[in-house]
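> Residue 100 in this note's numbering sits at position 100 of the sequence shown; the count goes up by one each step and never skips.
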Amino acid sequence: MADSKKDFLRKTIEKDLNEAAISSFTGNVEAKKVFEEEINPEQKAQKLKLKKKARRKLIISIISIIIIIMIVSSVFVYFFYISPVFIRKPYIEKPVLSEEDPMITSEHITYIVNELGGYKLHGGPLGKAAQMELFLSDINKRFTITVEDHNIFTVGGNAPNPDIRLNAPEEVFIDLIRAEDLMAKAKELVGLEIVSIDPLLDETVLAMKGYKAIYDTLSGKIIGTSSFFKLTPAVKKLIYLISVIIVAILGIIYITRK
């Protein structure tokens with residue numbers, strides 16, 4: 001019994017001594033490291049350099065991710081909202097126009113708008129359907145043109161919530177419907193300024209709803225103004241802001257690489 005107590009005491013003492021030795025050794029190692037750094041400034045500088053390099057890589061990685069997100073977002077907004085290119089054009093059969101007594105109807109307007117790219121219009125980020133009001137000034141007749149899911153619907157009467165108002169004589173649409181190449185005929189009318197447009201929403205909002213796609217096709221003058229959808233102040237500010245951000249990011253990358 002006494003021997004077992006002695007063994008227990010001996011093992012306990014040895015364990016405590018070993019733990020003290022290990023602790024002392026660890027402390028000595030840490031102290032040695034600190035001492036070596038103090039007497040060897042090159043080693044200390046090397047460690048600081050490695051830390052700065054790791055921090056620089058992290059900053060560059062974050063900035064690169066931000067740039068990629070900005071580029072992808074810009075491409076997405078342009079090709080899916082401002083100027084959609086991944087939309088299939090609906091087929092609409094060309095309606096017949098009487099030679100003796102030509103009269104433009106809803107069917108003719110739907111066909112013409114579709115041929116001019118109106119199917120690309122959409123609700124934009126807010127999801128509100130694109131809507132236009134057409135006024136045939138010489139016969140005092142109005143039509144409402146609505147685009148939903150890239151399908152065009154035209155009915156007679158005033159538009160309840162139009163994005164834009166178009167004003168033109170009926171003869172323009174008669175010429176377009178009779179043309180063998182409607183798009184070529186539309187481009188031929190550029191500069192005549194016999195069709196006017198009254199934008200009822202901010203031009204940036206109109207661009208986001210796809211009206212810019214039609215403007216790009218027709219060069220803008222068929223709607224009576226060459227300045228419509230050119231760089232608006234809001235668009236200029238956006239381009240300027242993006243340019244400043246990109247320059248700042250490139251400057252940071254350049255500085256951190258030094």
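The beta carbon of each residue, even a glycine, is placed where N, CA and C say it ideally should be. Treat the numbers as computed from the prediction; the structure is a model and nothing was measured.
Leaving out five residues before and five after I249 in sequence, what residues of the same chain have Cβ atoms less than 8 Å from its Cβ?
I63, I66, I67
> Going by DSSP, what residues sit across from S196 in a beta bridge?
N167
> Quick check on DSSP: helix, strand or coil for N260?
Since the first residue of the chain shown is 1 and the last is 258, residue 260 is not available in this structure.
> In terms of residues, what are the limits of the alpha helix (DSSP H) holding M183?
M183: member of the alpha helix (DSSP H) spanning 182–188, first to last residue.
> What residue range is occupied by the uninterrupted alpha helix (DSSP H) comprising I214?
211–218
> Reducing DSSP to helix, strand and coil, say where R55 ends up.
helix
> Quick one, which of Y119, R178, E170 has its alpha-carbon nearest E99's?
The shortest Cα separation from E99 among Y119, R178, E170 belongs to R178.
> Sort N140, E188, P162, S106 by Cα distance to L121 and report the nearest one.
P162
> Just reading off the beta strand (DSSP E) that T146 is part of, what are its end residues?
141–148
> Rounded to the nearest angstrom, what separates G117 and I214 at their Cα positions?
6 Å
> By how many angstroms is the C-alpha of I194 removed from the C-alpha of F228?
Below a pLDDT of 50, predicted positions are generally treated as unreliable, and F228, at 47, falls in that range; no measurement from the model is reported.
> Is I139 closer than 7 Å to E170 when the C-beta atoms are compared?
yes
> Taking I164 as the reference, which of T146, L192, K52 has the closest Cα?
T146
> Identify whether G72 lies in helix, strand or coil by the three-state DSSP scheme.
In the sequence on display, residue 72 carries Val and not Gly. Helix.
> CA-CA distance, A186 and N167?
Straight across, the Cα-Cα distance linking A186 with N167 is about 15 Å.
> Starting from M208, follow the alpha helix (DSSP H) in both directions and report where the run begins and ends.
Boundaries of the alpha helix (DSSP H) harbouring M208: 203–208, taken from the DSSP string.
> Use the C-beta contact count for K51: other C-beta atoms within 10 angstroms, 16 or more gives buried, fewer gives exposed.
Classification of K51: exposed, given that the 10 Å Cβ count is below 16.
> I think L97 touches I174, with their Cβ atoms under 8 Å apart; what is that distance to the nearest whole Å?
Their Cβ separation, rounded to whole angstroms, is 7 Å, which keeps L97 and I174 in contact under 8 Å.
> Taking the alpha carbon of E148 as the point to measure from, which residue in R142, Q131, S106 has its own alpha carbon closest?
Q131
> CA-CA distance, I112 and I245?
43 Å
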